[in-house]
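Novice:
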Amino acid sequence: MARVELRGVTKAFGLVRAVQKADITFEEGSFTTLLGPSGCGKTTILRMISGLESPTSGDILIGDQRVNEIPIHKRNLGLVFQNYALFPHKTIAENIAFGLKYRSVEKSEMQERVKNALEVVRLPGVEDRYPAQLSGGQQQRIALARAIVIEPSVLLLDEPLSALDANLREEMRVELTAIQHRIGVTTIFVTHDQSEALAMSDRIIVMSAGNVEQVGTPREVYNAPRSEFVANFLGAANILQGEVVDSGPDGVAVDNEVFGTFPVSNGDLDGLRPGDPVRVVMRAEKVKLSRAPHGDGMAAAGQGSVEAVDYQGQVVRYFIRSGECQLQVIDMIEDRPFAVDEQVFVGVRGVDCSIVRS
Amino acid sequence: MSFILVYSFYENVDLAVDVAAFQFSNWRELFTDDYYHYAIWKTLRMSIIVTALAAVLGYIPAYFIAMTRFRHKWLLLLLLILPFWVSFIIRTLSWIHILGNQGAINGVLQWLGIVEEPVAMMFTELTVIIGFLHVFLPYMILNIYVSLEGIDRNLEPAARTLGCTPWQAFREVTLPLSIPGLGAGCLLVFVLTAGSYVTPLILGGPDDFLFGNLIYDAIISELNWPMGATLSFALLLLLGLVVVAYSRMMGLNQLYKAFS
């Protein structure tokens with residue numbers, strides 16, 4: 029087990045900068061997710077930590093050791109690939125024991141550890157089968173067993189769940205987190221799936237176009253996105269244009285077309301002065317709709333008409349038109365859903381508004 | 004084929020005069036005359052040498068083409084197939100212009116003053132081997148390439164992270180998974196070499212004959228068709244045995260795969 033640190037790491041492929049000056053610390057024993065759309069550099073970071081790519085500049089440290097020049101096979105890492113990458117010509121036992129063979133582990137101990145690893149991933153008794161004889165979910169578990177059996181200092185997971193179907197993915201999500209907690213290995217998880225990231229991680233690193241956008245716990249990045257990109261990438265959000273009309277020690281007052289003037293006390297408030305244009309994030313599920321005017325609980329209140337209704341069973345997604353502005357609202361269905369063209373009152377609580385820099 | 008078998012029991016009484024019969028003199032000659040045994044031995048030896056060299060020499064470019072990140076891979080494959088546009092007899096004859104006494108190599112050596120007299124390189128067993136390799140190598144490369152192309156690109160990195168050096172990862176993963184293609188290529192080159200007669204005829208000396216040359220001599224020069232039929236059928240049986248042995252070991256599926 030070890031912490032992993034990137035110091036000013038840049039990776040360029042020709043003229044394209046896949047990762048730009050990344051400073052990231054992965055704490056010992058933590059489960060950290062690199063989250064972002066494809067091409068944001070998250071996989072490149074993982075490959076640089078594993079040694080499959082080398083950084084153009086900057087240092088990578090595992091434990092307290094700089095590993096830039098250490099070849100892949102001496103880094104002692106467990107890497108799980110998106111497509112599992114099990115050796116098709118070797119049995120499950122040979123697959124799992126592969127790393128042990130190159131660590132000169134004795135035969136008897138090897139068998140014991142393979143057996144234990146299979147129990148950890150809850151697939152005992154498949155030693156003599158071949159990978160092709162197992163289902164996708166089972167192969168996934170074997171790939172994990174093969175990675176953890178060598179007791180790696182860091183476990184690297186490259187979108188390991190994306191090849192599974194939806195139900196299995198959720199099951200493996202829970203299981204993977206449980207296994208990580210049990211063995212306590214520093215884990216770096218790469219995904220483009222925000223719900224995986226929110227459900228599994230201790231910490232999320234949101235990336236976009238080679239840059240780190242925000243680092244924080246799942247709740248921090250979800251509730252207090254620091255940039256428009258993060259707000260849009262995690263869940264559905266409304267981003268409203270506004271202008272600062274007053275500023276004080278606890279926050280600012282913002283004037284907006286839909287909500288009039290309302291106070292905002294979350295987000296990136298540093299150095300805002302009256303007259304500055306700002307953007308205010310409101311999560312779609314935090315915007316409340318009502319047929320009667322909202323009470324005092326709402327910091328911002330406005331009015332609009334229902335433009336479109338997207339019924340999803342558990343929830344309904346509404347598109348509310350108010351002047352030039354369109355709001356997205358996700359609402360749990362209580363009694364009767366709103367109908368198209370119905371006039372509604374819109375309200376948002378103060379804690380659910382936050383300011384981002386554009 | 005059965006006609007060839009029937010013909011092998013006929014009797015040759017004079018040049019190109021055959022009498023329909025059922026007698027075993029041709030087969031007896033094949034089994035008792037050391038000359039034929041020597042030719043079989045020579046053919047097997049030559050086929051094994053050519054196959055082994057082709058396997059080693061073919062694996063390297065196949066690996067390179069399969070693993071390269073070069074965007075226009077089709078161009079490399081086209082270069083591989085390009086020689087097939089020229090008749091293989093012409094390709095074989097071209098070696099005379101390279102290795103012959105008035106050939107390119109001797110020309111350069113003499114021009115540079117390294118040698119006074121041309122170095123005799125032609126019409127030896129070595130030139131026959133070179134000629135075979137030149138003509139059959141693309142078959143080997145293509146077969147190995149198809150096999151390598153089908154291997155998951157993440158397997159070698161996976162082996163590397165588990166503790167393999169690059170060479171160990173190749174030996175553990177890529178090599179065993181490419182055995183079917185390598186085997187198919189070897190079988191093709193072996194059979195093609197063992198059945199050849201033109202290449203030794205053009206590039207070999209008087210001693211560099213293969214079993215195929217004996218068939219050629221029996222039919223074209225001696226006009227002894229029954230003996231030619233016997234020899235043909237014998238070669239067919241021998242190569243058939245090789246193919247059967249191969250398919251017992253590897254299965255023939257890979258052969259179809261390579262051609263589809």
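Chains as they are written, first to last, in my numbering: chain A, 29 to 386; chain B, 4 to 263. Backbone N, C-alpha and C define an ideal beta-carbon position, used for all residues, glycine too. Bear in mind that the values here come from a model prediction, so they are computed numbers and not experimental data.
In chain order, which continuous runs of the alpha helix (DSSP H) of length 4 or greater are located wholly inside the stretch 246 to 271 of chain A?
Specialist: Runs found: 246 to 251, 256 to 261.
Novice: Tell me whether A261/B is buried or exposed, calling it buried when 16 or more other Cβ atoms sit within 10 Å of its Cβ.
Specialist: Here residue 261/B corresponds to residue number 258 of the second sequence, with the count starting at 1. With a pLDDT of 45 at A261/B, under the threshold of 50, the predicted position of this residue should be treated as unreliable, and no value is reported.
Novice: Apart from the five residues just before and just after A160/A, which ones in its own chain have a Cβ nearer than 7 Å to its Cβ?
Specialist: Reading the first sequence from its first residue, position 132 is the one you call residue 160/A. If we look at A160/A and ignore the five residues flanking it on each side, its Cβ neighbours are P116.
Novice: In chain B, which residues lie with their C-beta within 8 Å of the C-beta of Y130/A?
Specialist: Locating residue 130/A in the first sequence gives position 102, where the first residue counts as 1. The contacting residues are L165, G166, C167, Q171.
Novice: In angstroms with no decimal places, state the Cα-to-Cα distance between G198/B and G231/B.
Specialist: Here residue 198/B refers to the residue found at position 195 of the second sequence. Here residue 231/B refers to the residue found at position 228 of the second sequence. Straight-line Cα distance between these residues: approximately 14 Å.
Novice: Hey, quick one: how far does the beta strand (DSSP E) through A40/A stretch, first residue to last?
Specialist: Here residue 40/A refers to the residue found at position 12 when the first sequence is read from its first residue. Residues 32 to 41.
Novice: Run down chain B in chain order and give the residues with a C-beta less than 7 Å from the C-beta of F257/A.
Specialist: Here residue 257/A refers to the residue found at position 229 of the first sequence. Near F257/A there are no residues of chain B at all, since even the closest Cβ is about 30 Å away, more than 7 Å.
Novice: Counting along the chain, where does the alpha helix (DSSP H) carrying R210/A start and finish?
Specialist: Position 182 of the first sequence holds residue 210/A. Run containing R210/A: 194 to 211, per the alpha helix (DSSP H) assignment.
Novice: Is S78/A close to chain B, meaning its C-beta is less than 8 Å from at least one C-beta of that chain?
Specialist: Numbered from its first residue, the first sequence carries residue 78/A at position 50. Taking Cβ atoms only, chain B reaches closer than 8 Å to S78/A, which makes this a yes.
Novice: Just to confirm, are I147/B and S181/B a CB contact at a threshold of 8 Å?
Specialist: Sequence index remark: in the second sequence, residue 147/B carries index 144 (1-based). Sequence index remark: in the second sequence, residue 181/B carries index 178 (1-based). Yes. Within cutoff.
Novice: A24/B: which of F34/B, H100/B, Y10/B, D36/B sits nearest, CA to CA?
Specialist: Counting from 1 along the second sequence, the entry for residue 24/B is found at position 21. Considering only alpha carbons, the answer is Y10/B.
Novice: If you scan the stretch 179 to 219 of chain B from start to end, which runs of the alpha helix (DSSP H) of 4 or more residues do you find wholly inside it?
Specialist: Within the stretch 179 to 219 of chain B, the complete alpha helix (DSSP H) runs of at least 4 residues are 201 to 206, 214 to 219.
Novice: Of all the CB atoms in chain B, is at least one closer than 8 Å to the CB of N111/A?
Specialist: Sequence index remark: in the first sequence, residue 111/A carries index 83 (1-based). Yes, its Cβ sits closer than 8 Å to a Cβ of chain B.
Novice: Can you find a CB in chain A that lies within less than 8 Å of the CB of D155/B?
Specialist: Stepping through the second sequence from its first residue, residue 155/B is reached at position 152. By this cut-off, D155/B is an interface position.
Novice: At a Cβ threshold of 8 Å, is A123/B touching chain D?
Specialist: No chain D appears in the structure shown, which is made up of the protein chains A and B.
Novice: Can you give the beta carbon distance from T130/B to L112/B, rounded, assuming they're within the 8 Å contact cut?
Specialist: Taking the first residue of the second sequence as 1, we reach residue 130/B at position 127. Taking the first residue of the second sequence as 1, we reach residue 112/B at position 109. That pair is no contact at about 17 Å.
Novice: Just to confirm the assignment: which complete alpha helix (DSSP H) runs, minimum length 4, are found wholly within the stretch 43 to 105 of chain A?
Specialist: Listed in chain order, they are 70 to 78.
Novice: Mark N104/B as exposed unless 16 or more other C-beta atoms lie within 10 angstroms of its C-beta, in which case mark it buried.
Specialist: As a position in the second sequence, residue 104/B is number 101, starting the count at 1. The residue in question, N104/B, is exposed, as its Cβ has fewer than 16 Cβ neighbours within 10 Å.
Novice: Are there any heavy atoms of the ligand ADP lying less than 7 Å away from the beta-carbon of I178/A, as far as the coordinates show?
Specialist: In the structure on display, the ligand ADP does not appear, and there are no ligands present to speak of.
Novice: Spell out whether any CB of chain A is found under 8 Å from the CB atom of P183/B.
Specialist: Sequence index remark: in the second sequence, residue 183/B carries index 180 (1-based). So, not an interface residue.
Novice: Any beta carbon from chain A within less than 8 Å of A161/B's own beta carbon?
Specialist: For this step, residue 161/B is matched to residue 158 along the second sequence. At least one chain A Cβ lies under 8 Å of A161/B.
Novice: Under a three-way DSSP split, which group does A329/A fall into?
Specialist: Sequence index remark: in the first sequence, residue 329/A carries index 301 (1-based). Three-state DSSP puts A329/A in a strand.
Novice: Got a sec? Which residues, its chain only, sit under 6 Å from T196/B by beta carbon, not counting five neighbours each side?
Specialist: One-based indexing of the second sequence puts residue 196/B at position 193. Once the five neighbours on either side are set aside, the close Cβ partners of T196/B are S50, V53, F135.
Novice: What is the DSSP secondary structure of M125/B, counted as helix, strand or coil?
Specialist: Mapped onto the second sequence, residue 125/B falls at position 122. If DSSP states are grouped into helix, strand and coil, M125/B belongs with coil.
Novice: On the criterion of 16 or more Cβ atoms from any shown chain inside 10 Å, does Y38/B qualify as buried, or is it exposed?
Specialist: As a first step, residue 38/B is located in the second sequence; it is residue number 35 there, counting from the start. It counts as exposed.
Novice: Tell me K316/A's beta-bridge partners as DSSP assigns them.
Specialist: On the first sequence, position 288 is the one that residue 316/A refers to. Beta-bridge pairing links K316/A to G375/A.
Novice: Taking 8 Å as the CB-CB limit, is H220/A close to chain B?
Specialist: Here residue 220/A refers to the residue found at position 192 of the first sequence. Cβ-Cβ to chain B under 8 Å: no for H220/A.
Novice: Consider the Cβ of V176/B: report whether some Cβ of chain A lies at a distance smaller than 8 Å.
Specialist: Numbered from its first residue, the second sequence carries residue 176/B at position 173. Closer than 8 Å: yes.
Novice: Relative to the alpha-carbon of I361/A, which residue among G106/A, I348/A, Q342/A, V372/A has its alpha-carbon at the smallest distance?
Specialist: Within the first sequence, the letter at position 333 stands for residue 361/A. Among G106/A, I348/A, Q342/A, V372/A, the Cα nearest to that of I361/A is on Q342/A.
Novice: Within this structure, are the beta carbons of P65/A and G79/A separated by less than 8 Å?
Specialist: Along the first sequence, read from residue 1 onward, the residue named residue 65/A stands at position 37. Along the first sequence, read from residue 1 onward, the residue named residue 79/A stands at position 51. Against a cut-off of 8 Å, the Cβ pair of G79/A and P65/A comes out as no contact.
Novice: Just verifying my parser: in three-state terms, what is the DSSP assignment at I233/A?
Specialist: For the purposes of this step, residue 233/A is identified with residue 205 of the first sequence, where counting begins at 1. It is a strand residue.
Novice: Can you give me the Cβ contacts of Q354/A inside the same chain, cut-off strictly under 8 Å, excluding the 5 residues immediately before and after it?
Specialist: Indexing the first sequence from 1 puts residue 354/A at position 326. Taken in chain order, the residues that qualify are E335, F347, I348.
Novice: Among the candidates S382/A, L183/A, T245/A, whose CA atom is the shortest distance from the CA of A281/A?
Specialist: Within the first sequence, numbered from 1, the residue matching residue 281/A stands at position 253. If we check each option's Cα against that of A281/A, S382/A comes out closest.
Novice: Tell me, which residues are paired with R301/A by DSSP?
Specialist: Working through the first sequence from its first residue, we reach residue 301/A at position 273. According to DSSP, R301/A bridges with nothing at all.
Novice: Just the Cα atoms here: how many angstroms apart are V118/B and G110/B?
Specialist: Looking up residue 118/B in the second sequence gives position 115. Looking up residue 110/B in the second sequence gives position 107. Answer to the nearest angstrom: the Cα atoms are 10 Å apart.
Novice: Helix, strand or coil: how does DSSP classify I178/A here?
Specialist: As a position in the first sequence, residue 178/A is number 150, starting the count at 1. Coil at I178/A, not helix or strand.
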